[in-house]
Every structure is written in C-alpha cells, then in structure tokens.
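Following: one structure in structure tokens, then a few remarks.
Protein chains in written order, with full-length UniProt numbering: chain B, 1 to 274; chain W, 1 to 214.
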C-alpha cells in the first residue's frame with residue numbers, strides 16, 4: 001500500500017483512511033437506497049413490471065436490435081477506416097492539391113455534430129432524389145464523421161514511426177508507395193491498434209443515433225418496446241446495461257492490446273498505480 | 001439562402017440554448033472530473049474503486065441512451081426537472097468521465113520526482129495534490145481539454161434529439177417549415193464550426209501561455 005503520492009500510512013492516516021472508506025461506502029449505499037426508494041415509491045419495483053424481461057420474446061427483440069447495432073457499427077467502421085486511411089495518406093502527401101482537400105475535410109467534419117450530418121442525409125438527400133434505405137441513412141453520416149477521426153489516428157500513427165524506417169526503405173530503392181505499404185503502414189497499424197479499438201467503441205456508441213433515423217438498432221428497438229409495453233424506465237435500463245456490457249468488453253480488449261504493444265512493455269515509473 | 005435569413009430569430013434562440021448547454025455542462029463536467037480524478041489517485045481503496053467505476057460506466061454508455069433514460073425514464077420514478085436542466089446534468093456527468101481520464105493521463109505525465117519532493121517537504125496528500133500535482137496536470141492537458149470541449153459542443157446537439165430546442169433542433173424545425181435543407185443545415189453547421197474554431201483559438205493561446213517545457 002505505497003504510492004508516490006502518499007507515504008506508508010501511520011496510525012493517524014490509517015484511521016483517516018478507514019473513516020474515508022466508511023464514508024465513501026455509506027455514500028454509495030445511501031445513493032443506492034435512495035434510488036431503490038424512488039423506484040419503490042413509484043411502483044416501478046413491482047415484479048410484473050420487470051417480469052417481461054425474464055421472458056425470451058422481449059430479449060429476442062432486443063437482441064435483434066443489438067445485431068442491427070453490430071451490423072451498422074461494423075459496416076461504418078470498415079467504410080470510415082478505409083476513408084480515414086486515404087485521408088491520412090492524403091494529408092501526408094507531397095502534392096498540395098491532395099493535401100489541402102484532405103486537411104479541409106478532416107478539419108470541417110471534426111467540427112460538425114454527427115446529428116447534424118444525420119439530419120442532412122435524412123432530409124437533404126431525398127430532395128435531390130437520393131432516398132437511401134434506413135440502414136444507409138445511419139451508416140453514411142456515421143462513416144463521414146468517423147472517417148475524420150480515423151484519419152487523425154492513422155496520421156498520428158504514421159507520424160510516430162521513426163524517420164529512419166522510411167529513409168531506409170527509400171535507400172534500398174523502394175518507391176514512396178511501396179515504402180509506405182511495406183514498411184511504414186504495418187508498423188503504424190500495430191502502434192495505433194488500441195486507439196482504433198477505442199474509436200470503434202465510440203462509433204458503436206454513435207450508432208444509437210439510429211434512434212433519430214428510426215433504424216431498428218438497440219436503442220430504437222428499446223423505444224419501440226417501451227411504447228408497446230409501457231415499461232419506460234425498465235426498458236431503457238436494460239438497453240443501457242446491454243450497451244455497457246458490450247462496450248466494456250471492447251474497451252477491455254483495447255487495454256489488453258495496449259499492454260501488448262511493444263513500447264508499452266517497459267514499465268514506466270508514474271505517480272499512480274494502474 | 002433566404003430560408004436561413006428569414007428565420008434568423010429561431011436560429012438565434014437555438015444558438016443561445018446551445019451556448020447555455022455548452023457553458024453549463026462544461027463547467028459541471030470540469031468540477032465533477034477533477035473530483036473523480038482526486039478520488040482515483042487517493043489512498044482510499046473504496047474511493048479509487050468508485051472513481052474507476054464511474055469512468056468505466058460513463059465512457060461505455062452512449063450519451064443518447066443516457067439522455068433518453070434521463071428524459072423519459074426519470075419522471076417515471078418521480079424525478080421531474082426541466083428539459084434543459086436534465087440535459088445539462090446528463091451531458092456534464094458524461095463528459096466528466098472523459099475529463100477525469102484526460103486529467104489522469106496528465107497526472108501520469110508528471111515526473112515522479114515532483115511527488116517525491118512534495119512528500120519530502122512534508123506536504124499531506126491533499127496539499128501535494130492541490131499545490132504540486134493538479135496545477136501541473138491541468139497545464140499538460142490543455143490540448144486534450146480543448147478537444148473534449150469541442151466534442152462536448154458537438155454532443156450538445158444530441159439534446160436536440162430528446163426535445164431541447166437547441167441549434168440543431170431549431171434548424172430541423174425551420175427545415176420542416178421551409179423544406180430547404182441545404183442552406184439551413186449548412187448555416188447551423190457553420191455556427192458549430194465557429195464555436196469549435198473559437199475553442200481551438202482559445203486553447204492555442206492558453207497552451208502557448210501556460211505550457212511547461214520539460
């Protein structure tokens with residue numbers, strides 16, 4: 001029990017820590033009790049209001065929603081990663097007419113809310129005769145906005161590869177394109193893998209915009225269910241817990257990957273313990 | 001373009017609501033985020049656990065789910081607040097997790113000798129946090145904080161999806177009346193870009209003034 005921010009606690013500090021532990025625990029339990037009391041006082045704890053979520057049909061509906069969420073997330077992740085890679089290479093290009101549009105795209109899209117892009121696809125494109133299916137009305141704006149984020153991740157990754165690597169590639173006579181493809185990109189991809197996974201978690205969270213598009217992903221399925229059975233808070237809590245489980249597992253994966261990347265292996269002394 | 005100019009008052013009101021959302025929830029998020037960071041580096045195991053659980057929970061839930069849960073769910077258990085207040089509280093709690101995470105990496109970036117020196121001088125945990133660790137941590141995370149601010153500004157648009165008439169919702173309403181999506185949404189987008197540009201400018205200035213070169 002020693003860290004660099006505090007000494008091995010003496011008797012007085014130990015007493016204070018014990019008190020803080022008790023106070024913290026009491027505060028958490030108090031909040032929980034308050035929440036339970038609010039639920040009970042409004043009759044939301046009654047067994048018949050939670051019973052439906054012990055039955056298969058409700059779960060089947062929600063799991064269908066989760067499947068659609070995963071589908072939308074995977075397709076937009078693939079599209080935005082491909083676009084992001086192109087944009088990152090474009091921003092690093094030696095030609096100005098490639099560099100400039102790529103940089104403009106990234107800077108502009110980064111500062112426009114995803115919801116606004118969704119509205120744009122939802123209302124503007126049909127007026128010009130482009131009425132996409134629901135799935136694409138969600139996937140297109142998500143890909144457009146996440147492409148900028150992935151572009152920045154890839155650019156940072158490529159920038160973090162030592163100059164000597166690409167210089168060596170060029171010195172042995174590879175072209176610029178082959179140096180990138182054979183030497184720089186494979187190393188950069190490994191280095192940014194954790195960021196890619198955590199950005200993908202963000203993307204999965206963004207698919208909840210299907211609520212606005214009325215594409216039947218998890219949150220919208222929850223809305224439909226809640227309207228059908230009138231169990232508002234129960235349904236949304238179940239939906240939130242589902243998101244939590246899925247995303248927490250993905251974040252855990254990102255941490256595992258991070259621990260396995262070569263440069264993170266050296267333990268660094270820091271003020272706080274992991 | 002006239003569709004945009006004819007409805008300037010609506011856009012203006014929406015912009016005001018958006019700015020209120022941004023300012024109030026960023027202030028709240030910074031306060032909660034600093035508190036969570038202090039808990040996460042404290043010697044008390046329970047507090048560290050609470051801090052970590054908080055960050056994990058809020059980083060792994062979509063903001064829209066939290067907003068829907070708060071706006072439609074909380075009245076069911078007898079907690080009624082105005083839409084704007086609910087949205088501000090939810091956005092503040094959500095972004096606080098990101099601020100706490102950024103601050104934690106800031107604390108991590110502080111040289112170990114700083115903490116050791118503070119202890120050698122006999123500062124208590126609270127004192128070394130207040131006088132040595134947090135001031136340096138805050139300075140190293142100006143750029144990430146600026147990015148969180150911009151992300152928060154973009155995220156306030158989601159409040160428009162649950163009934164708060166912010167800039168995005170105002171644009172949507174005007175579009176339903178005028179059916180001229182391109183100028184209307186581009187106008188709203190420009191306003192957001194302007195907000196983000198201001199934030200970028202301010203963080204750039206702050207960084208140049210406060211950053212520490214090691």
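The beta carbon of each residue, even a glycine, is placed where N, CA and C say it ideally should be.
Fill in: Cα-Cα separation, residue 68/W to residue 243/B
The residue labelled residue 68/W in the question sits at position 68 within the second chain. The residue labelled residue 243/B in the question sits at position 243 within the first chain. Whole-angstrom Cα-Cα distance: 14 Å.
Worksheet item: Looking only at C-alpha atoms, which of 249/B, 89/B, 233/B and 42/B sits nearest to residue 158/B?
Response: The sequence position of residue 158/B within the first chain is 158, counting from 1. Among 249/B, 89/B, 233/B and 42/B, the Cα nearest to that of residue 158/B is on 89/B.
Worksheet item: Beta-carbon of residue 99/W versus every beta-carbon of chain B: anything under 9 Å?
Response: The residue labelled residue 99/W in the question sits at position 99 within the second chain. Chain B, which has no Cβ nearer than 9 Å to the Cβ of residue 99/W, makes this no.
Practice prompt. Decide if residue 177/B is buried, meaning its Cβ has at least 16 other Cβ atoms within 10 Å, or exposed.
Written response: Here residue 177/B refers to the residue found at position 177 when the first chain is read from its first residue. Around the beta-carbon of residue 177/B, fewer than 16 other beta-carbon atoms lie within 10 Å, marking it exposed.
Practice prompt. With a cut-off of 8 Å on the beta carbons, I'd call residue 50/W and residue 39/W a contact; round off their distance for me.
Written response: Here residue 50/W is taken as the residue at index 50 of the second chain, counted from 1. Here residue 39/W is taken as the residue at index 39 of the second chain, counted from 1. Between residue 39/W and residue 50/W the Cβ distance is about 6 Å, and since that is below 8 Å, they are a contact.
Worksheet item: Hey, would you say the C-beta of residue 97/W is under 8 Å away from at least one heavy atom of the ligand FMN?
Response: For the structure depicted, the ligand FMN is absent and the ligand set is empty, with no information on it obtainable.
Discussion item. Less than 9 Å between the beta carbons of residue 29/W and residue 94/W, yes or no?
Written reply: Position 29 of the second chain, counted from the start, is the residue given in the question as residue 29/W. Position 94 of the second chain, counted from the start, is the residue given in the question as residue 94/W. Yes, the Cβ-Cβ distance between residue 29/W and residue 94/W is below 9 Å.
Worksheet item: Under 9 Å, do residue 73/W and residue 233/B count as touching if we go by C-beta distance?
Response: To locate residue 73/W, count along the second chain from 1; it is residue 73. To locate residue 233/B, count along the first chain from 1; it is residue 233. Yes; because the gap between Cβ atoms is below 9 Å, this pair is in contact.
Worksheet item: Smallest Cα separation from residue 253/B: which of 225/B, 136/B and 196/B?
Response: Translated into the one-based positions of the first chain, residue 253/B becomes position 253. When each option's Cα is compared against that of residue 253/B, the closest is 196/B.
Discussion item. Can you confirm whether residue 50/W, when its beta carbon is compared against all beta carbons of chain B, has any partner nearer than 9 Å?
Written reply: Here the question's residue 50/W lines up with position 50 in the second chain. For residue 50/W, the answer is yes, since a Cβ of chain B falls inside 9 Å of its Cβ.
Item to complete: Look at the alpha carbon of residue 17/W and the alpha carbon of residue 69/B, and state the distance between them as a whole number of angstroms.
Response: Locating residue 17/W in the second chain gives position 17, counting from the first residue. Locating residue 69/B in the first chain gives position 69, counting from the first residue. So the two alpha carbons sit approximately 31 Å from each other.
Worksheet item: In three-state DSSP terms, what is residue 93/W?
Response: Residue numbering aside, residue 93/W sits at position 93 when the second chain is read from its first letter. Correct three-state label for residue 93/W: helix.
Worksheet item: What is the residue span of the alpha helix (DSSP H) that residue 251/B lies within?
Response: Here residue 251/B is taken as the residue at index 251 of the first chain, counted from 1. Its alpha helix (DSSP H) spans residues 232-260.
Item to complete: Could you pull out every residue in the same chain whose Cβ sits closer than 8 Å to the Cβ of residue 264/B, ignoring the five residues on either side in sequence?
Response: Position 264 of the first chain, counting from 1, holds the residue named residue 264/B. Note that residue 264/B scores 48 on pLDDT, short of 50, meaning its location in the model is unreliable and no value can be drawn from it.
Discussion item. Would residue 63/W and residue 167/W qualify as a contact pair, given that the criterion is a beta-carbon distance under 9 Å?
Written reply: By one-based count along the second chain, residue 63/W stands at place 63. By one-based count along the second chain, residue 167/W stands at place 167. Against a cut-off of 9 Å, the Cβ pair of residue 167/W and residue 63/W comes out as no contact.
Discussion item. Give me, in chain order, the residues of the same chain whose beta-carbon lies closer than 6 Å to that of residue 208/B; leave out the 5 immediate sequence neighbours on both sides.
Written reply: Locating residue 208/B in the first chain gives position 208, where the first residue counts as 1. Closer than 6 Å at Cβ, skipping near neighbours: 219.
Worksheet entry | Pairwise C-alpha distance: residue 148/W and residue 211/B | Your numbering for residue 211/B matches position 211 in the first chain. Your numbering for residue 148/W matches position 148 in the second chain. Spanning the two alpha carbons is a distance of roughly 24 Å.
Fill in: Other residues of its chain near residue 203/B: CB distance less than 8 Å, five sequence neighbours each side excluded
In the first chain, residue 203/B corresponds to position 203, counting from 1. 73, 76, 77, 80, 142 and 146, listed in sequence order.
Practice prompt. Using 10 angstroms around the beta-carbon of residue 15/W, count the other beta-carbons present and answer buried if the total reaches 16, otherwise exposed.
Written response: Within the second chain, numbered from 1, the residue matching residue 15/W stands at position 15. Residue 15/W is buried by the Cβ-count criterion.
Item to complete: Within 10 angstroms of the Cβ of residue 177/W, are there 16 or more other Cβ atoms? Answer buried if so, exposed if not.
Response: As a first step, residue 177/W must be located in the second chain, where it is residue number 177. It is exposed - the Cβ of residue 177/W has fewer than 16 other Cβ atoms within 10 Å.
Fill in: Completely contained alpha helix (DSSP H) runs for the segment 55-142 of chain B, where each covers 4 or more residues
56-91, 96-110 and 114-119
Discussion item. Is residue 74/B close to chain W? Criterion is C-beta to C-beta, closer than 9 Å.
Written reply: To locate residue 74/B, count along the first chain from 1; it is residue 74. False, the Cβ-Cβ gap to chain W never drops below 9 Å.
Discussion item. Taking beta-carbon pairs under 8 Å, can you tell me which members of the segment 112-143 of chain B lie near chain W?
Written reply: Listed in sequence order: 112, 113, 114, 115, 116, 119, 120, 123, 124 and 127.
Discussion item. Is there a Cβ of chain A sitting closer than 9 Å to that of residue 163/B, yes or no?
Written reply: Absent here is chain A; the protein component of the structure consists of chains B and W.
Item to complete: Compare the C-alpha of residue 101/B against each of 111/B, 86/B and 115/B and name the closest.
Response: Locating residue 101/B in the first chain gives position 101, where the first residue counts as 1. Residue 86/B is the option with its Cα nearest to residue 101/B.
Worksheet item: Listed in chain order, which residues of the segment 128-146 of chain W have Cβ atoms closer than 8 Å to some Cβ of chain B?
Response: 128, 129 and 133
Worksheet item: If you count every other CB in all the chains shown that lies within 10 Å of the CB of residue 128/B, and 16 or more means buried, which is it?
Response: Walking along the first chain from the start, residue 128/B turns up at place 128. Answer is exposed; the Cβ neighbour count stays below 16.
Worksheet item: Between the segment 48-64 of chain B and the segment 220-240 of chain B, are three or more C-beta pairs nearer than 8 Å?
Response: yes
Worksheet item: What's the call for residue 44/B, buried or exposed, on a 16-neighbour Cβ count within 10 Å?
Response: Numbered from 1 along the first chain, position 44 holds the residue referred to as residue 44/B. By the neighbour-count rule (16 or more Cβ atoms within 10 Å), residue 44/B is buried.
Worksheet item: Beta-carbon of residue 110/B versus every beta-carbon of chain W: anything under 9 Å?
Response: Reading the first chain from its first residue, position 110 is the one you call residue 110/B. Output row for residue 110/B: interface = yes.
Worksheet item: For residue 199/B, which residues from the same chain have a beta carbon less than 8 Å from its beta carbon, with the 5 sequence-adjacent residues on both sides left out?
Response: One-based indexing of the first chain puts residue 199/B at position 199. Same-chain partners within the cutoff: 146, 149, 150 and 153.
Worksheet item: Can you tell me the Cα-Cα spacing of residue 140/W and residue 106/W, whole angstroms?
Response: Taking the second chain and counting its residues from 1, the one referred to as residue 140/W is at position 140. Taking the second chain and counting its residues from 1, the one referred to as residue 106/W is at position 106. Cα-Cα distance, rounded: 6 Å.
Practice prompt. With DSSP as the reference, label residue 46/B as helix, strand or coil.
Written response: Counting from 1 along the first chain, the entry for residue 46/B is found at position 46. Correct three-state label for residue 46/B: coil.
Fill in: residue 91/W at chain B interface by Cβ criterion, 9 Å
Position 91 of the second chain, counted from the first residue, corresponds to residue 91/W. Answer no: the Cβ-Cβ gap between residue 91/W and chain B never drops below 9 Å.
Item to complete: For my contact list, residue 137/W and residue 103/W are in at a C-beta cut-off of 8 Å; report their separation, rounded to the angstrom.
Response: Translated into the one-based positions of the second chain, residue 137/W becomes position 137. Translated into the one-based positions of the second chain, residue 103/W becomes position 103. About 6 Å separates the beta carbons of residue 137/W and residue 103/W, which is inside the 8 Å limit, making them a contact pair.
Fill in: Straight-line Cα distance separating residue 184/W from residue 175/W
Here residue 175/W refers to the residue found at position 175 when the second chain is read from its first residue. Here residue 184/W refers to the residue found at position 184 when the second chain is read from its first residue. Cα to Cα, the separation comes out at about 7 Å.
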